[in-house]
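The block underneath contains the structure these notes are about, expressed in structure tokens.
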Amino acid sequence: MAPKREECAKREVMKMKSSEAVMKNTKREVNKGAWTAGEDQKLAEVIAIHGAKKWKSIAAKAGLNRCGKSCRLRWLNYLRPNIKRGNISDQEEDLILRLHKLLGNRWSLIAGRLPGRTDNEIKNYWNSHLSKRISQREKQRSTGGAGDDDSTIQISTVDQKASAQFGDEQKKIYGEMKQDSSSEEGTTTTTTTTSASNKGGDDHEHYSNSDIDIDGFFDFSNEGPFNLEWVNEFLY
DNA sequence: AACAGAGCCAACCGCGGCGCG
DNA sequence: ACGCGCCGCGGTTGGCTCTGT
Numbered sequence: 002m003a004p005k006r007e008e009c010a011k012r013e014v015m016k017m018k019s020s021e022a023v024m025k026n027t028k029r030e031v032n033k034g035a036w037t038a039g040e041d042q043k044l045a046e047v048i049a050i051h052g053a054k055k056w057k058s059i060a061a062k063a064g065l066n067r068c069g070k071s072c073r074l075r076w077l078n079y080l081r082p083n084i085k086r087g088n089i090s091d092q093e094e095d096l097i098l099r100l101h102k103l104l105g106n107r108w109s110l111i112a113g114r115l116p117g118r119t120d121n122e123i124k125n126y127w128n129s130h131l132s133k134r135i136s137q138r139e140k141q142r143s144t145g146g147a148g149d150d151d152s153t154i155q156i157s158t159v160d161q162k163a164s165a166q167f168g169d170e171q172k173k174i175y176g177e178m179k180q181d182s183s184s185e186e187g188t189t190t191t192t193t194t195t196s197a198s199n200k201g202g203d204d205h206e207h208y209s210n211s212d213i214d215i216d217g218f219f220d221f222s223n224e225g226p227f228n229l230e231w232v233n234e235f236l237y
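Residue numbers (my numbering): 2 to 237.
This is how it looks when you write it as structure tokens:
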């Protein structure tokens with residue numbers, strides 16, 4: 002599983018020190034690099050008062066030499082309430098695998114199904130853990146070796162079933178579907194756009210079409226956080 | 001103890017969509 | 001209808017820690 006998140010705190014201290022030095026040297030220019038505790042606090046205060054929208058004005062009100070984009074990212078990935086800082090659990094990992102199989106690199110959508118997890122975190126986790134593991138399996142499979150653990154089985158099962166259910170009109174569906182996962186507490190606010198269907202759409206042409214209930218798919222109202230039953234509903 | 005390479009993650013960048021004037 | 005600015009997304013990078021030699 003995901004190793005040592007405990008080092009995060011240590012890391013933060015290190016970054017605070019280095020970024021304070023950066024701030025001193027780059028007054029007036031837009032500040033980039035690691036956020037300091039002071040910046041975090043200011044940002045959180047302004048958002049508490051004005052809400053998490055109009056990022057440009059938030060940046061101005063907070064008096065930070067940061068662009069709105071940077072403030073938004075910091076809030077969504079770090080300061081937002083209900084963010085989970087712990088290891089990705091097996092259950093979450095399984096969910097990520099399934100969702101990635103289904104959705105491709107739509108990290109924000111995947112994050113929308115994992116309360117407390119950010120798209121950035123999932124993306125990082127995928128890039129550093131799961132993608133490697135999967136490519137290893139692909140290798141194994143192509144050289145005649147059999148996959149050996151749970152996720153291998155899950156992926157292939159999901160693959161078959163998803164393929165059976167979904168056809169070739171993925172782009173159409175994703176182009177049409179809109180979702181607002183902000184209805185789920187503590188998750189990334191996202192709006193799926195048509196761009197999403199193309200940009201990250203590497204190797205996932207095989208899903209979509211058909212009778213998939215998009216509204217149902219993104220209806221988070223009746224679920225426990227990691228209940229996988231809903232996935233089965235759409236895959237099986 | 002010192003160094004190099006790998007791993008990890010926060011943050012930045014570039015692009016495209018949307019809304020508004 | 002058009003242009004502009006803002007926002008959100010996915011991809012990429014920079015820098016730190018860990019691990020092996």
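Backbone N, C-alpha and C define an ideal beta-carbon position, used for all residues, glycine too. If you're wondering where the values come from, they're calculated on a predicted model, not measured in any experiment.
**Report entry** Cβ contact check for the segment 84-91 and the segment 111-131: 3 or more pairs under 8 angstroms
**Finding:** Yes: the two stretches touch, three or more of their Cβ pairs being nearer than 8 angstroms.
Query - Reference Lys43; option with closest CA among Cys72, Ala35 and Ile135 - result: For the purposes of this step, residue 43 is taken as residue 42 along the first sequence, with counting starting at 1. Comparing Cα positions, the closest option is Cys72.
Requested in this report: Give me the Cα-Cα distance between Gly34 and Thr144, rounded to the nearest whole angstrom.
Outcome: Start at 1 with the first residue of the first sequence, and residue 34 comes out as number 33. Start at 1 with the first residue of the first sequence, and residue 144 comes out as number 143. Spanning the two alpha carbons is a distance of roughly 44 angstroms.
Query - For Gly105 and His130, the rounded distance between their alpha carbons - result: Start at 1 with the first residue of the first sequence, and residue 130 comes out as number 129. Start at 1 with the first residue of the first sequence, and residue 105 comes out as number 104. So the two alpha carbons sit approximately 16 angstroms from each other.
Query - Cβ-based burial, Asn128 [other Cβ within 10 Å; buried from 16] - result: Position 127 of the first sequence, counted from the first residue, corresponds to residue 128. It is exposed - the Cβ of Asn128 has fewer than 16 other Cβ atoms within 10 Å.
Requested in this report: Consult DSSP for Cys72 and reduce its assignment to one of helix, strand or coil.
Outcome: Here residue 72 corresponds to residue number 71 of the first sequence, with the count starting at 1. Here DSSP, grouped into helix, strand and coil, assigns Cys72 to helix.
**Report entry** For Gly113 and Ile1, the rounded distance between their alpha carbons
**Finding:** The question about residue 1 has no answer, for the chain in this structure spans 2 to 237.
Query - Residues near Gly69 in its chain [Cβ-Cβ closer than 7 angstroms; skip 5 each side] - result: Within the first sequence, numbered from 1, the residue matching residue 69 stands at position 68. Counting only Cβ-Cβ distances below 7 angstroms, and skipping sequence neighbours, we find Trp56, Lys57, Ile59 and Ala60.
Report task. Go ahead and pull the three-state DSSP assignment for Asp150. Result -> Counting from one through the first sequence, the residue named residue 150 turns up at place 149. For Asp150, the predicted structure reports a pLDDT of 44, less than 50, and the residue's modelled location is therefore unreliable. A value from the coordinates is still provided. Of the three classes helix, strand and coil, the one that applies to Asp150 here is coil, per DSSP.
Report task. Would you mind sorting Leu98 into buried or exposed? The rule is 16 or more other CB atoms within 10 Å of its CB. Result -> On the first sequence, position 97 is the one that residue 98 refers to. So Leu98 counts as buried.
**Report entry** Which listed residue (Ser132, Asn32, Gln137 and Ala45) has its alpha carbon closest to that of Leu80
**Finding:** Position 79 of the first sequence, counted from the first residue, corresponds to residue 80. Checked all of Ser132, Asn32, Gln137 and Ala45; the closest Cα to Leu80 is Ala45.
Query raised in the report: Unbroken alpha helix (DSSP H) runs of length 4 or more, entirely within the segment 28-56: which are they?
Result: Segments of the alpha helix (DSSP H) lying fully in the segment 28-56: 38-51.
Query raised in the report: Which one of Asp91, Ile111, Asp95 and Ala63 has the shortest CA to CA distance from Val47?
Result: The residue labelled residue 47 in the question sits at position 46 within the first sequence. Of the candidates Asp91, Ile111, Asp95 and Ala63, Ala63 places its Cα closest to the Cα of Val47.
Query raised in the report: Between which two residues does the alpha helix (DSSP H) harbouring Arg99 extend?
Result: By one-based count along the first sequence, residue 99 stands at place 98. Here the alpha helix (DSSP H) through Arg99 covers Asp91 to Leu104.
Query raised in the report: For Lys133, does the count of other Cβ atoms within 10 angstroms reach 16, so buried, or fall short, so exposed?
Result: As a position in the first sequence, residue 133 is number 132, starting the count at 1. Counting every other CB atom within 10 Å of its CB across the protein chains shown gives Lys133 a total below 16, marking it as exposed.
Query raised in the report: Cα-Cα, which of Asn78, Asn32, Tyr126 and Thr37 is closest to Asn88?
Result: Here residue 88 corresponds to residue number 87 of the first sequence, with the count starting at 1. Just measuring C-alpha positions, the residue of Asn78, Asn32, Tyr126 and Thr37 sitting nearest Asn88 is Tyr126.
Query raised in the report: Closest to Arg75 by CA distance: which of Arg138, Gln137 and Glu40 is it?
Result: On the first sequence, position 74 is the one that residue 75 refers to. Comparing Cα positions, the closest option is Glu40.
Requested in this report: Check Leu1 in the structure and name its three-state DSSP category.
Outcome: With the chain running from 2 to 237 in the structure shown, residue 1 is simply not present.
Query raised in the report: Would the beta-carbon of Asn66 fall within 7 angstroms of that of Asn32?
Result: Here the question's residue 66 lines up with position 65 in the first sequence. Here the question's residue 32 lines up with position 31 in the first sequence. Yes, the pair counts as a contact, with Cβ atoms nearer than the cut-off.
Query raised in the report: CB-CB under 6 angstroms to Trp36, same chain, minus the five flanking residues each way: which ones, in chain order?
Result: By 1-based counting over the first sequence, the position of residue 36 is 35. Hits under 6 angstroms: Arg75.
**Report entry** First and last residue of the uninterrupted alpha helix (DSSP H) at Lys124
**Finding:** Start at 1 with the first residue of the first sequence, and residue 124 comes out as number 123. Membership of Lys124 in the alpha helix (DSSP H) is indicated by the continuous run Asp120 to Tyr126.
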